[in-house]
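Notes to accompany the following structure.
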Amino acid sequence: MPSYIGKPRPDAFYDSLTDLENVVLPAHQDHVIPYTESTLETKSPGRKLLVCHDYKGGYNEDRADHSYTFNFWQYCDTFIYFSHHRVTLPPSGWVNAAHRQGSKIIGTLIFEHAEGEEDCLRLLLGPVSTKSGQKPPHIKSLPISPYYAKVLAALARERGFDGYLLNFECPFRGGPDQMRSLCGWIEIFRVELKREIGDHAELIWYDSVVITGQLAWQDRLNHYNLPFFVPSTGFFTNYTWRPTYPSLMSHYFSKLPPTTHRSKTLSSIFIGIDVWGRGQHGGGMLNSYKALSHIYPSPPALGTAVRGNEYAVALFGQAWSWESIRDQEKMDWSTWFQFELKFWLGEPLSLVSSRPALRRDIGIPSPNPKKPPPLCDCDDRPYAPLASFFSPRGRPAPDPMQIPLWTTFSPGVGDAWFVEGVKVHDGRWTDVDKQTSLGDLVWPDPRVYCEDVDMRDIWHAEAGVEMGDGWMGGSSLWLRLKYAASASEGEEEGEEDSFFSLYIPVQSVGLTEGQAYDVQLVYKLLGVEDGVDTVDVGLTARRLGSEPGEEVDVTSIDSDAERPHGWSSIQGRIIIAPGEEAPETRSVVSLCHVGVQLSILSPSSSPLPISIFLGQLTIAPSKSAPVLLPMITSIDATPNAGQISSSGPTNELQPASDWVHIRWHTAHAFPTALNFVKPSGGPDDTRLAWSSLVDLSRRPRFSYCNVYVEALGSAGKGEKNGGPEKGSVVGNGKGRVWLGTTGVDRAGTDFWASSRDVRDRLGLEKLPARVDHSKSVQEPLNLASDSVNPGRIRVRFWVQGVTDHGKVMELEESCAGSSWVDVEL
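In structure tokens:
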């Protein structure tokens, strides 16, 4: 979560191509998580989902409130960050959220209305000099410049995203000649993207202009838009298609020669569905399943279906669920999330049995009784959530050999901010950069097993996002178990204690066979009352393939280690044994899940309900060699850093004197002291002077940094060990107040703070800008100040690293994982 007032993001939008001519490419953003291709030996069923995120009024996430975040990445292959600016670049926070869970994310290049026509020609011709005297060559076709293709591809590389959507919704007056040149430019652009980004780069054409240059949506792939599909990696149809179009398009595609489709399959065609229902068959919204039933008449195949034999789907405007109900009275985030769960996964069993289901026609006008119902069999289909049309489990988290799995079960919003169980800030926030998996296997209902038997009829389980308590970030995963079976009729007083051994799958993940992984879970056990003697918490892992899956041995490393503020942690090591037919020449990645084991000893045959908060789950490769540890170096701060705009809702400008820019560098260091080997054989000694075994490939990196401030000479209004009225005191009673974090749209190595915000957090909001020393009453606090510049205060900014393995660095002067700098404000 960033401070409420900070520097605006790097240019995320460009409103004309001429703006790109002056763009200075930033240095590669090392804090952006790279995309990693799935290495699973057998992929999930072949249905692909593209999600196109368009937010009404533009993207206006309020950092000081709850805003929309997307939480179903496990079903999403590609995410389009869409807007109506000429060029839209996904912010780093959205890129990290997508890549962290294995999804691609792409930007948008769009041309609309009359003002877009001139830029369409500029795209093909390249920059045009007004001073050039050269006459154009006498050729009949329009020249094609690679200039903008190179700039856009370089921007994608430096910002860390994976391609673009092409949306040309204005006519080309030059007709087929210009359209042929446009197809040539698309070919150049695709080649540049793959050269800059890699083979996974996406360039998706939206069904818009046709070969004549006219703007004429076809709603399917056909002769009039086929030339644009050929050089692209995918085709996104318009939404107003008829129920017969999927079969028509399938027949048309089957007749294409290989030289035309270039080894593309039906999965390269994304059939559009507008969730808002604008011209959409079925009406969209909660009735979006009706359109999906025409694309996918049968359920997804189980097992190892091969991608390509079915269409893909492009879901447009999925944030309808938030925008349509967010302003309703008494609508809070939890209520919305239940609605969102119904849209994507269906209602939890506990809600189905306890109250009427949410209306399917919510947001849809009542039907006109005078109008006959449409003649379509989809109207008689029962409600089906979106995910039911795709993989039953969704895509697992990437192999931690590629990206460490670290989740704090955060949806990217919260009511507070926690650092190792301490609430350091109390207030709403939104920060997509801090979003992690919510535990993909617990929604809409957790599954409870005893040995290999599904126990949900005996043990009812619920899941929720708990924002009132957390280990790191803003929330934890709340699991509640209630024993539903009745006591045995023949139970006698004094009967022996009852013992239950249960496990709940929490997170799916791909794991390399034969590789050792360290798993750590931070949890807080609640609800253990009289009637339940003992509840032991452990880790469990299973190789998936059938329900519930083959059990994997978990070797305990650190059991029930106590953490502050009622939290505990357990750590284990797991190894997936290679299968009998595993190839010797390459690694095999298996689909697995990791969960929580509960061993319950009760004097009653009907235990009382049990609740547990899961605060953090980490899975990383076991260390076979020393791993370099990250550290913060060379921190600096520049006050009066320049006039920049607020990131708050008012977007007001603040004066230059009101800002301080904090910057630092990061490095890595050896984790242990040098064990120098003295030579015993003189210059002919073949032993190394020190061990050179250092695993560079798995070195942790900082996921983000916490930033604190303290007033030198005073702790401000903060209470030791308790938390001040504004901000919080952390660390041995010292007066350090949490300001915010890096992330959202900043680089991982700088932070902008408003001096007004700093004073407010320290409790100095009433301090005058300049002190009149003739009036002694104007000295409200005894702070260190410069006699030459009365009214200014000296503060110390602290930067504390948090690694992508979930480790929080010590906040001390001698610790390499944190650093500080003094500055006068």
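In the numbering used here, the protein residues as written are 1223 to 2047. In this text, a Cβ means the ideal position worked out from N, Cα and C, and glycines have one as well.
Roughly how many angstroms lie between the CA atoms of proline 1607 and leucine 1567, to the nearest whole one?
5 Å
Can you tell me where the beta strand (DSSP E) holding cysteine 1274 begins and where it ends?
1271-1275
So, helix, strand or coil for cysteine 1814, using DSSP?
strand
Does the Cβ-Cβ distance between valine 1744 and tryptophan 1789 come in under 8 Å?
yes
Alpha-carbon spacing of glutamate 1569 relative to cysteine 1274, whole angstroms:
24 Å
Should the region 1444-1458 be called in touch with the region 1424-1436, which here means at least 3 C-beta pairs below 8 Å?
yes
Count the other C-beta atoms from every protein chain shown that fall within 10 angstroms of the C-beta of glycine 1181, then say buried if there are 16 or more, exposed otherwise.
Summary: the structure shown does not reach residue 1181, with the chain confined to residues 1223 through 2047, and so no result is reported for it.
Inter-residue CB distance, serine 1363 and glycine 1348 (contact presumed, cutoff 8 Å)
Wrong, their Cβ atoms sit about 15 Å apart, outside the cutoff.
Assign methionine 1553 to buried or exposed, taking buried as 16 or more other Cβ atoms, counted over all protein chains shown, within 10 Å of its Cβ.
exposed
Assigned exposure category for arginine 1322 - 16 Cβ within 10 Å defines buried
buried
For a test of the three-state rule: what should DSSP assign to histidine 1473, helix, strand or coil?
helix
Taking the straight line between their C-alpha atoms, what separation do you get for serine 1844 and threonine 1908?
29 Å
Give the list of continuous beta strand (DSSP E) stretches no shorter than 3 residues that lie fully inside the region 1660-1746.
1681-1688, 1698-1705, 1720-1734
Smallest Cα separation from serine 1543: which of Ala1319, Thr1888, Gly1965, Tyr1290?
Tyr1290
Classify glycine 1944 as buried or exposed, calling it buried when 16 or more other Cβ atoms lie within 10 Å of its own Cβ.
Residue placement at glycine 1944 is flagged as unreliable, the pLDDT there being 35, under the threshold of 50; the coordinate-derived value follows with that caveat. Label assigned to glycine 1944: exposed.
According to DSSP, what are the bridge partners of glycine 1962?
Val1929
Which residues does DSSP list as the beta-bridge partners of glycine 1494?
Ala1536
Can you list, in chain order, the residues of its chain with a C-beta nearer than 7 Å to that of arginine 1765? Leave out the 5 residues immediately preceding and following it.
Gly1771, Glu1772, Val1774, Ile1798, Ser1812, Cys1814
Anyone know if the C-beta pair for threonine 1330 and tyrosine 1303 falls short of 8 Å?
yes
Cβ of phenylalanine 1411 within 8 Å of Cβ of methionine 1401?
no
CA-CA distance, alanine 1375 and valine 1317?
16 Å
Count the other CB atoms, across all protein chains shown, that sit within 10 Å of the CB of glutamine 1742; report buried if there are 16 or more and exposed otherwise.
buried
When the distance is taken between beta carbons, is threonine 1762 closer than 8 Å to tyrosine 1705?
no
Quick one: what does DSSP say valine 1317 is sitting in, helix, strand or coil?
helix
If you reduce the DSSP assignment to three classes, tell me which class methionine 1401 lands in.
helix
For glutamine 1550, count neighbouring C-beta atoms within 10 Å of its own C-beta (all shown protein chains included) and say buried if the count is 16 or more, exposed if not.
exposed
Please return the same chain residues whose Cβ sits closer than 7 Å to the Cβ of threonine 1777, not counting the five positions on each side in sequence.
Gly1794, Arg1795
Spatial neighbours of aspartate 1496 within its chain, please: CB distance less than 7 Å, with the 5 preceding and 5 following residues excluded, ordered by chain position.
Tyr1461, Gln1502, Gly1506, Phe1538, Gly1539
Buried versus exposed call for leucine 1247 [16 or more other C-beta atoms within 10 Å across all chains shown]
exposed
By Cβ distance, which residues of its chain are closer than 7 Å to glycine 1406, with the 5 residues on each side in sequence left out?
Ile1366
For a test of the three-state rule: what should DSSP assign to lysine 1486, helix, strand or coil?
coil
Since glutamate 1390 sits in a beta bridge, which residues does DSSP pair it with?
The displayed chain sequence assigns phenylalanine, not glutamate, to residue 1390. Looking at the DSSP assignment, phenylalanine 1390 forms a beta bridge with Phe1333.
State the DSSP-derived secondary structure class of glutamate 1784, mapped to helix, strand or coil.
strand
What's the call for phenylalanine 1722, buried or exposed, on a 16-neighbour Cβ count within 10 Å?
buried
For proline 1893, which residues of its own chain have a beta-carbon under 8 Å away from its beta-carbon, when the five flanking residues on both sides are left out?
Pro1848, Val1849, Leu1850, Leu1851
Using 8 Å as the Cβ pair cut-off and three pairs as the minimum, do the region 1375-1390 and the region 1414-1427 touch?
yes
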